[in-house]
Amino acid sequence: MPSFSLGLTDSSQEGASTQETEREKSPKIATMLEQLDSLIQKLASSASKGKDESPQIQRETGGESSAKVETPGGINQIPDDMKQKCYIWGTRLKEDAKGDTDEYEEICTLIGQGEYILMRTHLASLQAKSDIESQIVSAICLILNQKKEKRFQAQIYCLPPNIVSMALSDHPRGEFISPKTNKEFRVEAYPSFIEFIDRKKLSSHPYIFAPVCHSGHWWLWLINTRKRKCQILDPLHKKAPSDERKDINKFTGYVFSRLITYAGGKPLEKGGKEKEIKAPYVKISCQKTSYDCAIYVMKWLELIEPENIKKGKYEWDNWTQEEVDHYRVEYASRILFSEMNKQRDRAIRESSAIRLSKPSSVLLSPFCQINSADIETG
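First residue of the sequence shown: 1, per the UniProt record's numbering; consecutive thereafter.
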């Protein structure tokens, strides 16, 4: 695998603890925090005035400039170099003299439906050519659901995949009777994840977008709660690839129906038919690699307009591989710089401490992996 020298300096390694304290209190950092907070307030104000209507378009495009991508947290224009610094800080694992890493360090706490904690190992899954952890997808769902836009406040609820993922671990082949517990699925069996579900939105929104992961692959359920119809968008397949996947789809459809009912809504089917829920696959341009499925699913949460699905097909302009690779950098700052992140100030402060001494476009290469050898320390 090609290796690159990024010419990066991590100034957080320089000096003693007293210097670290002085840097944390420096006017430069304080000014940056004030500017970001001011920007958030302005954007929130403009969003409430001009973003009530979702765009009605026949072809969705994903080739937006990295400086103009709207982040789920509300920070609309983060400088590219700051996104890159955040990506380096959030995804890089450090190793001490004993060989231990900081992979289990808690670096993000999202405040919304309870406190959702992310460790560095979760952010590290955004590194190139890595399968993205379920916690990252859940975090994006939680952040999107808080956006002050009609799309997410009144139309689409993004269901965090926690309970579905746990249910599939107990029912690995889509069995309705778990081979592990010898019981049927019950929402109440997963109390630690119930708090992250917004019952009001789950039972009232016209659409539910529900990411699903099994055996490392992600796909997206689109659930029309008014018509009680379901469809599947799969970044890799245009139909169920196996009989086992068909069984898994039937089981997950049942799980979604039970979750909606638990939240106070109507089941997708009644009686025994609830275990026979059908979800045809939508034909859509797909991923070009074996490891980008979660990127597609997370971006589809923001872009897909269900009413534009015509005759089982969705027309859109697929992304280039370079754009898909770049979204890994984008999502680090979307999560860590979110207003929902209780540790946001730390993320800004420590990301700012990283110096990019050379042009860092190489950072976006799918062949680029960040490790300690790429960091110059003073």
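For each residue, glycine too, the CB sits at the ideal point set by N, CA and C.
Note that the coordinates shown come from a computational prediction; the quantities given were computed from them, not determined experimentally.
(message) Within 10 Å of its beta-carbon, does S242 have 16 or more other beta-carbons around it, so buried, or fewer, so exposed?
(response) For the purposes of this step, residue 242 is taken as residue 242 along the sequence shown, with counting starting at 1. By the neighbour-count definition (other C-beta atoms within 10 Å, threshold 16), S242 is an exposed residue.
(request) Mind checking which residues open and close the beta strand (DSSP E) that includes Y116? (result) For the purposes of this step, residue 116 is identified with residue 116 of the sequence shown, where counting begins at 1. Y116 -> beta strand (DSSP E) spans 114 to 119.
(message) Helix, strand or coil for S5? Go by DSSP, reduced to three states.
(response) In the sequence shown, residue 5 corresponds to position 5, counting from 1. Below a pLDDT of 50, predicted positions are generally treated as unreliable, and S5, at 36, falls in that range; the measurement from the model is reported next regardless. Three-state DSSP puts S5 in coil, outside helix and strand.
(request) Rounded to whole angstroms, what's the CA-CA distance from P55 to T101? Just pull it up for me. (result) Taking the sequence shown and counting its residues from 1, one reaches residue 55 at position 55. Taking the sequence shown and counting its residues from 1, one reaches residue 101 at position 101. In this prediction, P55 scores a pLDDT of 35, lower than 50, which makes its location untrustworthy; the coordinate-derived value is nonetheless stated afterwards. When the Cα atoms are used, P55 and T101 turn out to be separated by approximately 45 Å.
(request) Look up E106 in the DSSP assignment and give the residues it is bridged to. (result) Reading the sequence shown from its first residue, position 106 is the one you call residue 106. Under DSSP, the beta-bridge partners assigned to E106 are M119.
(request) Let me know if E188 comes out buried or exposed under the rule of 16 or more other beta-carbons within 10 Å of its beta-carbon. (result) Against the sequence shown, residue 188 aligns to sequence position 188. Exposed is the call here.
(message) Report the CB separation of F185 from Y254 in whole angstroms; it is logged as a contact under 8 Å.
(response) As a position in the sequence shown, residue 185 is number 185, starting the count at 1. As a position in the sequence shown, residue 254 is number 254, starting the count at 1. Rounded to whole angstroms, the Cβ separation of F185 and Y254 is 7 Å, and the two are in contact under 8 Å.
(message) Less than 7 Å between C-beta atoms, sequence neighbours within five positions excluded: which residues of the same chain meet that for S130?
(response) The residue you call residue 130 lines up with position 130 of the sequence shown. Hits under 7 Å: Y291.
(request) Name the residue from L126, Q343, G312, I197 whose alpha carbon lies nearest to the alpha carbon of L222. (result) Here residue 222 corresponds to residue number 222 of the sequence shown, with the count starting at 1. The shortest CA-to-CA distance from L222 to any of L126, Q343, G312, I197 is the one to G312.
(request) Could you tell me whether the stretch 293 to 301 touches the stretch 256 to 264, using the rule of 3 or more Cβ pairs below 8 Å? (result) The stretch 293 to 301 and the stretch 256 to 264 do not touch, with fewer than 3 CB-CB distances between them shorter than 8 Å.
(message) Quick check on the burial criterion: 16 or more other C-beta atoms within 10 angstroms. Buried or exposed for I348?
(response) The sequence position of residue 348 within the sequence shown is 348, counting from 1. In this structure I348 is buried. Its beta-carbon is surrounded by 16 or more other beta-carbon atoms within 10 angstroms.
(request) Out of K278, I163, S204, state which residue places its alpha-carbon closest to the alpha-carbon of I156. (result) As a working note, residue 156 is residue 156 in the sequence shown. When C-alpha distances from I156 are compared across K278, I163, S204, the shortest belongs to S204.
(message) Can you confirm whether the stretch 167 to 178 touches the stretch 132 to 152 when touching is taken to mean that 3 or more C-beta pairs between the two stretches lie within less than 8 Å?
(response) The way I'd put it, the stretch 132 to 152 doesn't touch the stretch 167 to 178; fewer than three beta-carbon pairs between them come closer than 8 Å.
(message) With distance defined between alpha-carbon atoms, name the residue in K266, V329, E323, S285 nearest to K229.
(response) For the purposes of this step, residue 229 is taken as the residue at position 229 of the sequence shown. Of the candidates K266, V329, E323, S285, the one whose C-alpha sits nearest the C-alpha of K229 is K266.
(message) For T320, tell me which candidate among S285, L159, S215 has the shortest Cα-Cα distance.
(response) Sequence index remark: in the sequence shown, residue 320 carries index 320 (1-based). Nearest option by C-alpha distance: S285.
(request) Write down the C-beta distance between Y104 and L110 rounded to the nearest angstrom, noting that I regard them as a contact closer than 8 Å. (result) Position 104 of the sequence shown holds residue 104. Position 110 of the sequence shown holds residue 110. Not confirmed; about 18 Å, so no contact.
(request) Drop a sphere of 10 angstroms on the beta-carbon of I177, count the other beta-carbons inside from all chains shown, and report buried for 16 or more, exposed for fewer. (result) As a first step, residue 177 is located in the sequence shown; it is residue number 177 there, counting from the start. The residue in question, I177, is exposed, as its Cβ has fewer than 16 Cβ neighbours within 10 Å.
(message) Need the endpoints of the alpha helix (DSSP H) that Q321 sits in, please.
(response) The count along the sequence shown starts at 1 and reaches residue 321 at position 321. Start and end: 321 to 336.
(message) Mapping the DSSP letters down to three states, classify F193 as helix, strand or coil.
(response) If you number the sequence shown from 1, residue 193 lands on position 193. F193 falls in the helix class under three-state DSSP.
(message) So that I know if they touch, is there some Cβ in chain C lying closer than 9 Å to that of C213?
(response) In the structure shown, chain C does not exist; there is a single protein chain.
(request) Please name the residue or residues paired with Y262 in a DSSP beta bridge. (result) By 1-based counting over the sequence shown, the position of residue 262 is 262. Y262 pairs with nothing; no bridge assigned.
(message) Less than 9 Å between the C-beta atoms of Y87 and A332, yes or no?
(response) What you label residue 87 is simply residue 87 of the sequence shown in a count that begins at 1. What you label residue 332 is simply residue 332 of the sequence shown in a count that begins at 1. Yes, Cβ-Cβ distance for Y87 and A332 is below 9 Å.
(message) Starting from V137, trace the alpha helix (DSSP H) in both directions and tell me its first and last residue.
(response) Within the sequence shown, residue 137 is the residue found at index 137, counting from 1. For V137, the enclosing alpha helix (DSSP H) begins and ends at 134 to 145.
(request) Kindly identify the DSSP beta-bridge partner or partners of H282. (result) Locating residue 282 in the sequence shown gives position 282, where the first residue counts as 1. Sequence inspection shows Val at residue 282; the His mentioned does not correspond to that position. Under the DSSP definition of a beta bridge, V282 lacks any partner.
(message) For G378 and R355, what's the separation of their Cα atoms in angstroms?
(response) Position 378 of the sequence shown, counted from the first residue, corresponds to residue 378. Position 355 of the sequence shown, counted from the first residue, corresponds to residue 355. Confidence in G378 is poor, its pLDDT being 37 and thus under 50, which makes the residue's placement unreliable; the coordinate value appears in the next sentence. Spanning the two alpha carbons is a distance of roughly 11 Å.
(request) Measure the alpha-carbon distance for G114 versus K147 and round it to whole angstroms. (result) The count along the sequence shown starts at 1 and reaches residue 114 at position 114. The count along the sequence shown starts at 1 and reaches residue 147 at position 147. Distance between the alpha carbons of G114 and K147: 17 Å.
(request) Could you check the C-alpha separation between T261 and K288 for me, to the nearest Å? (result) Along the sequence shown, one-based indexing puts residue 261 at 261. Along the sequence shown, one-based indexing puts residue 288 at 288. The alpha-carbon atoms of T261 and K288 are separated by roughly 37 Å.
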